[in-house]
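For reference, the structure discussed in these notes is given below.
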Amino acid sequence: MFTFSIFRSNDKKKEEKAVLGDINSNMAPLGLNHPFLDGCSNLPADKDEDIKLLRVWLEQQPHLPPLTDGHLYLFLHSNYYDLENTKDTIEAYFTIRTTSPELFSNKSPFAKGVKAVLDVAELVPVKKTTPEGYRVLMYRLVDYDASKLQFNEALKTFFLFNDIRLSEDGLSNGYVVIFDMKGVSLSHLTKINLSSIRKFMSYIQEGHPARLKGVHVINAVAFMDKILALIKPLMKSGLIKLLTIHGSDLTNLFKEVPQEILPKDYGGEAEPMSVLHAEHRKMMESKYEKWIEEEECFKMDESKRPKSSKKQCILTNSFKSLAID
1 MFTFSIFRSN
11 DKKKEEKAVL
21 GDINSNMAPL
31 GLNHPFLDGC
41 SNLPADKDED
51 IKLLRVWLEQ
61 QPHLPPLTDG
71 HLYLFLHSNY
81 YDLENTKDTI
91 EAYFTIRTTS
101 PELFSNKSPF
111 AKGVKAVLDV
121 AELVPVKKTT
131 PEGYRVLMYR
141 LVDYDASKLQ
151 FNEALKTFFL
161 FNDIRLSEDG
171 LSNGYVVIFD
181 MKGVSLSHLT
191 KINLSSIRKF
201 MSYIQEGHPA
211 RLKGVHVINA
221 VAFMDKILAL
231 IKPLMKSGLI
241 KLLTIHGSDL
251 TNLFKEVPQE
261 ILPKDYGGEA
271 EPMSVLHAEH
281 RKMMESKYEK
291 WIEEEECFKM
301 DESKRPKSSK
311 KQCILTNSFK
321 SLAID
């Protein structure tokens with residue numbers, strides 16, 4: 001497995017492009033930094049041995065794409081530098097993303113389906129962190145017409161947004177996620193694709209390289225019990241413990257996320273959600289189109305998986321079966 005740093009000098013870019021093209025014929029030559037477009041300033045200096053051990057393991061995993069040191073630091077960091085858990089996350093990340101093209105392919109910010117979602121929903125990174133250094137991500141509908149929202153495209157846009165946040169945020173202490181349910185109706189609920197929601201829940205819990213610290217649902221709808229009945233069987237105990245449901249009273253939310261760092265829509269001091277969403281959308285469109293195109297080239301090749309990797313073969317087959325269930 002070819003090792004290359006997240007920080008690359010200009011005079012080596014052409015050479016690395018050629019090497020990448022030779023390593024995996026299914027992968028287009030790359031010209032940008034992955035997974036951190038602008039590099040990462042807080043890579044730990046004492047984890048070289050972990051990187052070396054992962055490189056040794058990767059040499060025995062020909063089905064996986066070539067990964068940068070930045071990828072390895074991201075996966076290690078999200079697993080608190082536990083090597084075995086990191087390996088499992090890497091396998092799950094590429095298995096789910098490769099076998100779920102309906103959720104992870106063609107997710108350019110200019111793709112028709114993605115643009116439609118960004119027109120009816122706001123996805124916002126709060127600029128200030130919590131006292132613990134956690135980053136806060138907020139999601140809500142602004143157009144409540146369910147006919148304008150396609151479920152798979154909504155999940156795809158969610159993944160696009162989160163991939164870009166990982167790139168922009170570097171090795172974050174953790175994330176707190178806030179879903180505002182205002183405007184969600186039973187008509188939205190009927191659009192849920194069961195296969196896709198299973199893949200979504202599996203990816204978030206097994207493959208997403210981020211430290212999730214809290215999930216808050218605010219303005220919970222009257223039929224929240226129906227939603228929970230649908231997703232709770234797919235949730236592991238760790239995620240269930242992170243989930244908090246709020247009505248319109250956000251007093252308890254503000255105990256974990258200071259109100260002053262939130263947008264003005266929620267009584268905070270930050271700019272309104274609409275402004276932050278428009279700002280982030282413009283950034284995605286101007287900065288990340290090519291990067292997303294390259295990112296989608298990082299896929300596994302199941303035909304090259306070692307026969308001894310039984311555990312992960314089972315994982316792969318389980319995700320393939322989701323489309324049939």
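Once you know that position 4 of the sequence shown is 4 in UniProt numbering, the rest is easy, because the numbers rise by one and skip nothing.
All C-beta atoms in this analysis are idealised placements derived from N, C-alpha and C, irrespective of residue type, glycine included.
Fair warning: this is a prediction, and the values are worked out from it, not measured in the lab.
Selected residue, minimal CA-CA separation from residue i, among the options
i	options	result
ASP249	LYS241, GLY267 and PRO263	GLY267
GLU295	GLY214, PHE159 and HIS280	PHE159
LEU230	PRO131, LEU262 and LEU194	LEU194
ASP163	LEU186, ASP143 and PRO209	PRO209
LEU149	SER187, THR130 and LEU53	SER187
THR244	LEU155, SER303, LYS191 and LYS213	LYS213
ALA45	ARG55, LEU58 and HIS77	HIS77
GLU293	GLY39, ASP48, SER105 and PRO101	SER105
SER196	GLU168, LEU155 and ARG165	LEU155
LEU74	SER303, ILE51 and LEU64	ILE51
MET224	HIS246, VAL114 and LEU118	HIS246
HIS277	LYS115, ASP88 and TYR144	LYS115
TRP57	ILE90, GLU153 and ASP38	ILE90
ARG140	ALA146, THR68, THR129 and VAL120	VAL120
residue 388	MET284, ASN152, GLU285 and GLU256	Here the chain comprises residues numbered 1 to 325, so residue 388 is not present and cannot be evaluated.
GLY39	ASN152, SER286, THR68 and VAL217	THR68
TYR144	LEU189, VAL217 and LYS87	LEU189
HIS280	PHE161, GLU59 and LYS299	PHE161
SER147	GLU59, ASN173, ILE240 and ILE192	ILE192
MET284	GLN259, PHE298 and LEU166	LEU166
VAL184	PHE151, PHE200 and SER274	PHE151
HIS71	HIS34, LYS47, ASP88 and ASP82	HIS34
VAL142	VAL275, PRO258 and GLU269	VAL275
Cβ separation of residue i and residue j, assumed to be a contact under 8 Å, to the nearest whole Å
i	j	result
TYR175	ARG198	Contact doesn't hold; Cβ gap of about 22 Å is too wide.
VAL221	MET181	5 Å
PHE36	GLY170	6 Å
HIS63	LYS307	Wrong, their Cβ atoms sit about 11 Å apart, outside the cutoff.
residue 328	LEU32	As displayed, the chain neither begins before 1 nor continues past 325, which places residue 328 out of reach and without an answer.
VAL215	LEU242	5 Å
LYS236	GLN205	6 Å
LEU54	THR86	7 Å
Buried or exposed by the 16-neighbour rule on C-beta atoms within 10 Å, applied to residue i
i	result
GLU122	buried
PHE110	exposed
TYR288	buried
PRO66	buried
GLN61	buried
LEU84	Rather than Leu, the amino acid found at residue 84 in this sequence is Glu. Looking at its Cβ environment, which holds fewer than 16 other Cβ atoms inside 10 Å, GLU84 is exposed.
TYR80	exposed
GLY133	exposed
PRO101	exposed
THR251	exposed
GLY238	exposed
SER202	buried
GLU49	exposed
PRO263	buried
ILE178	buried
LYS127	exposed
LEU43	buried
GLU153	buried
ILE218	buried
LYS107	buried
LYS232	exposed
LYS299	buried
SER41	exposed
SER172	buried
Residue i Cβ short of 6 Å to the ligand COA heavy atom set
i	result
PHE151	Among the components modelled here there is no ligand, and therefore nothing to report on the ligand COA.
CB contact check: residue i to chain B, cutoff 7 Å
i	result
VAL56	Given the protein chain composition of this structure (a single chain), no chain B is represented.
Completely contained alpha helix (DSSP H) runs for the segment 249 to 291, where each covers 4 or more residues: 251 to 256 and 273 to 287
Decide yes or no for the touch test of the segment 128 to 145 against the segment 88 to 102: beta carbon pairs closer than 8 Å, at least 3 of them. no
Would you mind listing the beta strand (DSSP E) stretches within the segment 122 to 148 that are 3+ residues and don't spill past its ends, in chain order? 135 to 141
Tell me the start and end of each unbroken alpha helix (DSSP H) in the segment 165 to 231 that is at least 4 residues and wholly inside, in chain order. 186 to 189, 194 to 202 and 224 to 231
As an exercise, report each continuous alpha helix (DSSP H) stretch of at least 4 residues that is fully enclosed by the segment 58 to 100, in chain order. 69 to 78 and 83 to 99
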